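Take a look at the structure below.
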Amino acid sequence: MNKAEYEALYKQHEALRNKVANDPWHLGYHIMPDSGWVNDPNGLCQYHGTYHIYYQYSPFDVEGKTKLWGHMTSKDLLHFKQEEPVLFPDSRCDERGAYSGSAFIEDDTIHYFYTGNVKLMDQDYDFINAGREQNLIHVESKDGIHLSDKEWLMTNSDYPQDMSCHVRDPKIYKQKDAYYMVLGARDLASHGCVLVFESRNLKDWSYKMRFEKENFGYMWECPDLFDLDGDQFLITCPQGLSQKGYHYQNIYQCGYFPMHVDFENETYTMKDFCELDYGFDFYAPQSFEDEKGRRILIGWMGLPDIDYTNPTTENGWQHALTLPRVLTSKNGVIYQTPVEELHQLRTSSYTSTVKAFNDLELLADRYEMAIDIEKQDNFVLQLRKGACLSYDIEKHLLCLSFDACGYGRDKRYVEVEDIKNILVYADTSSLEIFVNDGAIVFTSRVYTTHEDNQIRFMETAMDGNVHFYELGKIQIETK
């Protein structure tokens, strides 16, 4: 699809966009498609005071078959402008999709690197070890809106010979005067890894090394190497992990390795993998450092190859992006907290002790709720009708559970010794729950009616305070 084809189709789909806008599950303060499909956030950056949020986008198809780069801009992460898509699969190097990539700012220029997907159709292929091209493409911009011509930097033959056709999702990390590109990969033996390439000019790249862990999934997607509060981390999304106890409960995982990389000697140490999110709907996050020095992460509020039917597809859309989250680290643990700008969405408030709150029911489609726990005990907290967060103090087990509002999804667990605080952000069809200052996070879509959006403590003997805020909507200026 090229730009002219997109513009013609866009005019033809006004009724579809109106249907999405009137969907009762339309989100109020999350980025979501005006129609069609959204998945991986791409090219996240702040440039000359403007946040640029790009994302995988299939504007007229809820199954995400044709991948463009959609685009939102914002000055404050509260007011957004929907820009025209910036990348189309309109060339030989990306004819089957402008796939995921990232942005890197250098010399007052935004450099974008992304994967151009090509599938060969001249014979039958498995599209794993044969029949697919994963091309590394580079474009530049001085404003985040107008992009240079595409430069085809690498293709399958430039990757190590033991790689399959699955090498993608470039992200740049700079150290001293060298640039390092991490790419998610799958080798010919179906072992996941991250490839590392080196460059001195952002144009010419040579293979440097790889990060891998024995018997840890068949593909590692969306790698992101960065420094945070004196520590180094690699976020990635391993596919093919078997569930172990309460770990790796989803089909695909997302988490991080605390790292130490010595690029000069091509060595590294990698500690145990930690999950970033324990909910049903979190994948393919990307982080960037903004002009305030914050490392901000945004993820895809969804999963590939999901095992349930998303009811919003009947109304012309599927998936969304998570809230922007500030990352911090302490003792090798990443903490996630929603950006403080979201406090400006508060329209009304209520504060109480937990015991007084126990007999009170609140009704809200969009809310923020902060709970400070002074005395530990069992509890069941209803966040929506049929959507509960509960804690078993004897088993030290925290559980997010759904009934019919989960559309086939039931429970997710995490083991935690004690709970100090809980922060909940509920939108019309989503929940993002941050426990113990964001050391533990649950992100999930949930589908209830307005009448079901009740919040209450069902069972509790703990002491603490509750701060409750109803929230307004972000403002999106559409085309």
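Numbering (this note's numbering), first residue to last: 8 to 486. All C-beta atoms in this analysis are idealised placements derived from N, C-alpha and C, irrespective of residue type, glycine included. What you are looking at is a predicted structure, and each value in this text was computed from that prediction instead of being measured.
When rounded, the separation of the alpha-carbon atoms in Gly339 and Ile258 is 26 Å.
Between Met469 and Ile341, the C-beta gap is not smaller than 8 Å, which leaves the two residues out of contact. The alpha-carbon separation between Ile426 and Phe464 amounts to approximately 16 Å. Inclusion of Cys412 and Val448 in the CB contact set at 8 Å is not warranted, their separation being larger than that value. Of all alpha-carbon atoms in Gly300, Gly415, Gly237 and Leu160, the one lying nearest the alpha-carbon of Cys100 is that of Leu160. Per DSSP, Val361 is one residue of the alpha helix (DSSP H) stretching across Val361 to Phe364. Straight-line measurement puts the Cα of Glu296 at about 10 Å from the Cα of Ile112. Taking C-alpha positions only, Asn472 is separated from Ile305 by approximately 29 Å. Distance from Phe240 to Met216 at the Cβ level is roughly 17 Å; contact not present, criterion being Cβ atoms closer than 8 Å.
The C-alpha of Phe475 lies about 6 Å from the C-alpha of Thr358. Check the Cα spacing between Arg103 and each of Gly123, Pro230, Thr450 and Phe233: the tightest is with Gly123. When the Cα atoms are used, Gly300 and Gln325 turn out to be separated by approximately 33 Å.
The beta-bridge partner set that DSSP reports for Asp399 consists of Leu404. According to the DSSP assignment, Gln19 belongs to the alpha helix (DSSP H) that extends over Lys10 to Gln19. Ile179 is a Cβ neighbour of Phe120, given a cutoff of 8 Å. Here the C-alpha atom of Lys149 lies approximately 6 Å from the C-alpha atom of Ile117.
In the DSSP annotation of this structure, the continuous segment of the beta strand (DSSP E) that includes Asn46 starts and ends at Gly43 to Tyr54. Assigned with DSSP and collapsed to three states, Glu102 falls in coil, not helix or strand. Cβ atoms of Asp176 and Glu228 come within 8 Å of each other, at about 6 Å. DSSP places Glu458 in the helix class (H, G or I) of the three-state scheme.
DSSP, reduced to helix, strand and coil, places Glu439 within a strand of the structure shown.
Secondary structure of Gln351 (DSSP, three-state): helix.
Secondary structure in the region 101-164: the beta strand (DSSP E) runs of 3 residues or longer, each lying completely within the stretch, are 105-113, 116-126, 139-148 and 158-161 in chain order. Two segments are said to touch when three or more pairs of C-beta atoms, one from each, lie closer than 8 Å; by this definition the region 69-78 touches the region 90-99. A check of alpha carbon separations from Glu147 across Leu209, Val125 and Leu370 identifies Leu209 as the nearest. Residue Arg332 holds the alpha-carbon nearest to the alpha-carbon of Leu51 among Arg332, Asp236, Gly35 and His173. Here Ser356 has Tyr476 as same chain residues with Cβ atoms under 6 Å from its own Cβ, once five neighbours each way along the sequence are excluded. Residue state for Arg301 is assigned as coil, using DSSP reduced to three classes. Membership of Tyr315 in any beta strand (DSSP E) is not indicated, and neither H nor E is assigned to it by DSSP.
Approximately 7 Å separates the beta-carbon atoms of Tyr17 and Pro66; this is inside 8 Å, confirming the contact.
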